[in-house]
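**Q** Read in the numbering used here, the sequence shown has 217 at position 214, and its numbers run on one by one without any break. Encoded as structure tokens, here's the structure I'll be asking about.
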Amino acid sequence: MQMGWIEEYIVATGRSPALSLLLGFLGTYAVTRWVTVRIRRRTTTGEGASGPIKDVHIGGVHVHHQVWGILLVLLTGLLEFRFRPASPWVEVLALLFGAGAALALDEFALWLHLEDVYWSDEGRKSIDAVLVASVFGVVLLSNANLVGLGEDTLQRGYPFVLAVIAVHIGYCIVCLLKGKLVTGLLGLVVPVLGLVGAVRLGHPASFWARRFYAERKMTRASSRYDRMVARRERLRDTFSGGRGLFTSGG
Numbered sequence: 004m005q006m007g008w009i010e011e012y013i014v015a016t017g018r019s020p021a022l023s024l025l026l027g028f029l030g031t032y033a034v035t036r037w038v039t040v041r042i043r044r045r046t047t048t049g050e051g052a053s054g055p056i057k058d059v060h061i062g063g064v065h066v067h068h069q070v071w072g073i074l075l076v077l078l079t080g081l082l083e084f085r086f087r088p089a090s091p092w093v094e095v096l097a098l099l100f101g102a103g104a105a106l107a108l109d110e111f112a113l114w115l116h117l118e119d120v121y122w123s124d125e126g127r128k129s130i131d132a133v134l135v136a137s138v139f140g141v142v143l144l145s146n147a148n149l150v151g152l153g154e155d156t157l158q159r160g161y162p163f164v165l166a167v168i169a170v171h172i173g174y175c176i177v178c179l180l181k182g183k184l185v186t187g188l189l190g191l192v193v194p195v196l197g198l199v200g201a202v203r204l205g206h207p208a209s210f211w212a213r214r215f216y217a218e219r220k221m222t223r224a225s226s227r228y229d230r231m232v233a234r235r236e237r238l239r240d241t242f243s244g245g246r247g248l249f250t251s252g253g
């Protein structure tokens, strides 16, 4: 029964590569975080100092796992573009691509800062990148249409479709102007998320708040932002497996 469901809704609809990609991404991220947490605890508390889990060094240089991830993404992309394999090899490549993406995005903060900030406050940006990528993976698996355009909308003609797209992109831009980068990006493929983000209060330091908020509304935005930051940090710690291991000094 279970395999019949997979055949009908995943394989027959051409979504098996997306499923393989998502599984490879989430599985690799979970293993990677487990390994990095073990190494971090070993270096900070001495736990498991003689264990087999340790950083990789080549020629005295610490090779970050993002390097292996980038190489894996490049290799799988090259093989896909060159050979366009059929099933099951396309699923294998998708699985490896997801694994490479997880390794690379787990050190996304290092891309931005060009230094090892993995366990610093800045390193939490990697968690955000992984969360966003996970949501996009789920959206791909759900076979959602870009900007939420369904068949009924497409049948109304190009003027109507263009108007819908303009409105949709408009409130996603409002999200970005309100300092909601993640919500604005995810809103492109999950319209209701972008709409809710555009309606709700923005970040107190955002362009939108500085331009349009009076003192009373700015106070409300600051209070809401403080509560949101606390919830976000708890989510980051839970998703990273590194609760108590992040530091402000790197």
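Ideal placement from N, C-alpha and C gives every residue a C-beta, glycine not left out.
Whose C-beta lies closer than 7 Å to the C-beta of residue 228 among residues of the same chain, with five residues either side of it excluded?
**A** Residue numbering aside, residue 228 sits at position 225 when the sequence shown is read from its first letter. The answer, listed in chain order, is 206, 207.
**Q** Three-state secondary structure (DSSP) at residue 73?
**A** Taking the first residue of the sequence shown as position 1, residue 73 is located at position 70. In the structure shown, residue 73 sits in a helix (DSSP, three-state: H, G or I).
**Q** By the three-class DSSP mapping on this structure, what secondary structure does residue 253 have?
**A** In the sequence shown, the residue the question calls residue 253 occupies position 250. Here residue 253 scores only 46 on pLDDT, less than 50, and its place in the model should not be relied on; the value that follows carries that caveat. In the structure shown, residue 253 sits in coil (DSSP, three-state: anything other than H, G, I, E or B).
**Q** Suppose contacts are defined by Cβ-Cβ distances below 7 Å. Is residue 143 in contact with residue 21 by that definition?
**A** The residue given as residue 143 occupies position 140 in the sequence shown. The residue given as residue 21 occupies position 18 in the sequence shown. Going by C-beta atoms, residue 143 is nearer than 7 Å to residue 21.
**Q** Are the CB atoms of residue 23 and residue 94 nearer to each other than 7 Å?
**A** As a working note, residue 23 is residue 20 in the sequence shown. As a working note, residue 94 is residue 91 in the sequence shown. Cβ distance < 7 Å, so residue 23 and residue 94 count as in contact.
**Q** Quick check on residue 109: buried or exposed, where buried means 16 or more other Cβ atoms within 10 Å of its Cβ?
**A** Residue numbering aside, residue 109 sits at position 106 when the sequence shown is read from its first letter. With 16 or more Cβ atoms within 10 Å of its Cβ, residue 109 is classed as buried.
**Q** State the DSSP-derived secondary structure class of residue 120, mapped to helix, strand or coil.
**A** Here residue 120 refers to the residue found at position 117 when the sequence shown is read from its first residue. The answer is coil: DSSP assigns residue 120 none of H, G, I, E or B.
**Q** Starting from residue 228, trace the alpha helix (DSSP H) both ways and give me its first and last residue.
**A** Sequence index remark: in the sequence shown, residue 228 carries index 225 (1-based). Element bounds for residue 228: 218-243.
**Q** In chain order, what residues of the same chain have a beta carbon less than 8 Å from the beta carbon of residue 230, not counting five sequence neighbours either side?
**A** In the sequence shown, counting from the first residue as 1, residue 230 sits at position 227. No residues qualify anywhere along the chain.
**Q** How big is the Cα-Cα spacing for residue 12 and residue 182?
**A** Position 9 of the sequence shown, counting from 1, holds the residue named residue 12. Position 179 of the sequence shown, counting from 1, holds the residue named residue 182. Going by the C-alpha atoms only, they are around 37 Å apart.
**Q** My guess is that residue 248 and residue 40 are in contact by the Cβ rule of under 8 Å, so how many angstroms apart are they, rounded?
**A** Locating residue 248 in the sequence shown gives position 245, where the first residue counts as 1. Locating residue 40 in the sequence shown gives position 37, where the first residue counts as 1. About 7 Å; that satisfies the 8 Å criterion.
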